[in-house]
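**Student:** Before anything else, here's the structure in question.
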Amino acid sequence: MNRQESYRAACARAIAARTRLNDSVAVARVRLTPARLKRDARDQAVQTVTDAGHRAVRSVRAHPVATAAAATAFIAYLARRPLAALFGRLHVRWKTRNSENDHG
1 MNRQESYRAA CARAIAARTR LNDSVAVARV RLTPARLKRD ARDQAVQTVT DAGHRAVRSV
61 RAHPVATAAA ATAFIAYLAR RPLAALFGRL HVRWKTRNSE NDHG
């Protein structure tokens, strides 16, 4: 191969590389539109929530007693003030059951 043939081959490779680069830029430009990015983010969020739901269902089915205990503990935590008031009243009622004031 002489110099002129190697130059023409190098020019052909450069043109092919430039064409691939331009094609890649065009594809990237289409993918990076705001509407496409918004749709991709929304699809990813939906997929993440769906996967988390499926994992939660599998976990609940695998460990039903532990799930029930955790749910009961969480509900008791949320209702701690009303429960404390209830148990406080019951404690006072049981503590003073045989008081002189019971029979007036």
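Mapping the sequence shown onto our numbering, position 96 (from 1) lands on 96, and the numbers just tick up by one. Note that CB positions come from ideal geometry on N, CA and C, so glycine has one too. None of the values given here were measured: they were computed from a predicted structure.
Quick check: what's the CA-CA separation for Arg42 versus Arg89?
**Tutor:** As a first step, residue 42 is located in the sequence shown; it is residue number 42 there, counting from the start. As a first step, residue 89 is located in the sequence shown; it is residue number 89 there, counting from the start. Roughly 51 Å between the two C-alpha positions.
**Student:** Are the Cβ atoms of Thr72 and Ser59 separated by less than 9 Å?
**Tutor:** The residue you call residue 72 lines up with position 72 of the sequence shown. The residue you call residue 59 lines up with position 59 of the sequence shown. It is not a contact, given that the beta carbons lie outside the stated cut-off.
**Student:** Would you mind reading off the limits of the alpha helix (DSSP H) that contains His14?
**Tutor:** For the purposes of this step, residue 14 is taken as the residue at position 14 of the sequence shown. As written in the sequence, residue 14 is Ala, which differs from the His given in the question. Counting along the chain, the alpha helix (DSSP H) containing Ala14 begins and ends at Arg3 to Arg31.
**Student:** Less than 8 Å between the CB atoms is what I'm expecting for Leu83 and Ala76, so what's the real figure, rounded?
**Tutor:** The sequence position of residue 83 within the sequence shown is 83, counting from 1. The sequence position of residue 76 within the sequence shown is 76, counting from 1. Yes, Leu83 and Ala76 are in contact; Cβ-Cβ is about 7 Å, under 8 Å.
**Student:** What did DSSP end up calling His91 once you bin it into helix, strand or coil?
**Tutor:** By one-based count along the sequence shown, residue 91 stands at place 91. Reduced to three states, the DSSP call for His91 is helix.
**Student:** Just the C-alpha distance for Pro34 and Ala26, rounded to the nearest angstrom, thanks.
**Tutor:** In the sequence shown, counting from the first residue as 1, residue 34 sits at position 34. In the sequence shown, counting from the first residue as 1, residue 26 sits at position 26. So the two alpha carbons sit approximately 15 Å from each other.
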